[in-house]
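Numbering (the working numbering), first residue to last: 18 to 146. Beta carbons are placed, not taken as given, at the ideal position from N, Cα and C, and that holds for glycine. None of these values were measured; they are calculated from a predicted model. Worksheet: the structure to be examined is printed underneath.
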Amino acid sequence: MTDGHPLASVETYALVALGGFAGANARYGVDVAVGGLSATLAVNVVGSALLGFLLYEEAYLGAFSGRMRTAVGTGFLSSLTTYSTFAVQTYQAAPLVAAGNVAGNYALGIGGVLLGRHVALALARSVEA
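Okay, structure coming up:
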C-alpha cells in the first residue's frame, strides 16, 4: 500500500491509537503502583530513554519499520510520558519540592535519552562486529 492510499492514513491512525492505548494504560498502572511525583518521574525517564533508543536506533541500525516507530514512538511513548501531569504536580508542590521535580525530570529525562543513544550505539557496534 502506498503512502498516498487512503487506507495508509487509516492504518497510521490505528497504529497510533493502539500504541496510545497501551502507553496510557501502562502509565495508569505505574501511577496506581507508585503514585505521585515518583510515578510521573519514572514514566518520563523511562519514556525518554526508550524514545532516545528508538530515534538513535534508526540512525545507527534502522532495524525497526516505520510502522513500528509510529506505534511505539508516537503512540505508546507519547501516551506513557506526561508533561501535563508533571506541570500540574510541580505547580502544586512546595517550592523546594517543585524545584527538585523540575531539575529531576529534565536532568534524568535528558540522561535517559543519552542512555538510549548509548544502548543503540552499542547494539549497532555489536551487530557490525
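Check, Outcome
"Alpha carbon of L97 to alpha carbon of L113, nearest angstrom", "26 Å"
"For S82, the three-state DSSP class (helix, strand or coil)", "coil"
"Where A124 falls: helix, strand or coil (DSSP)", "helix"
"Where A41 sits in the DSSP three-state scheme", "helix"
"Per-residue DSSP class, three states only, for A111", "coil"
"Burial state of V144, where buried means 16 or more other Cβ atoms lie within 10 Å", "exposed"
"8 Å contact criterion, which G129 and G92 should meet: CB distance rounded", "That belief does not hold up - the Cβ atoms of G129 and G92 are roughly 19 Å apart, past 8 Å."
"Under the three-state DSSP convention, the category G52 falls into", "coil"
"Assumed close pair A66, G121 - CB separation to whole angstroms, cut-off 8 Å", "Their Cβ separation, rounded to whole angstroms, is 14 Å, which puts A66 and G121 out of contact at 8 Å."
"Three-state secondary structure assigned by DSSP to A146", "coil"
"Cβ separation of A88 and L32, assumed to be a contact under 8 Å, to the nearest whole Å", "4 Å"
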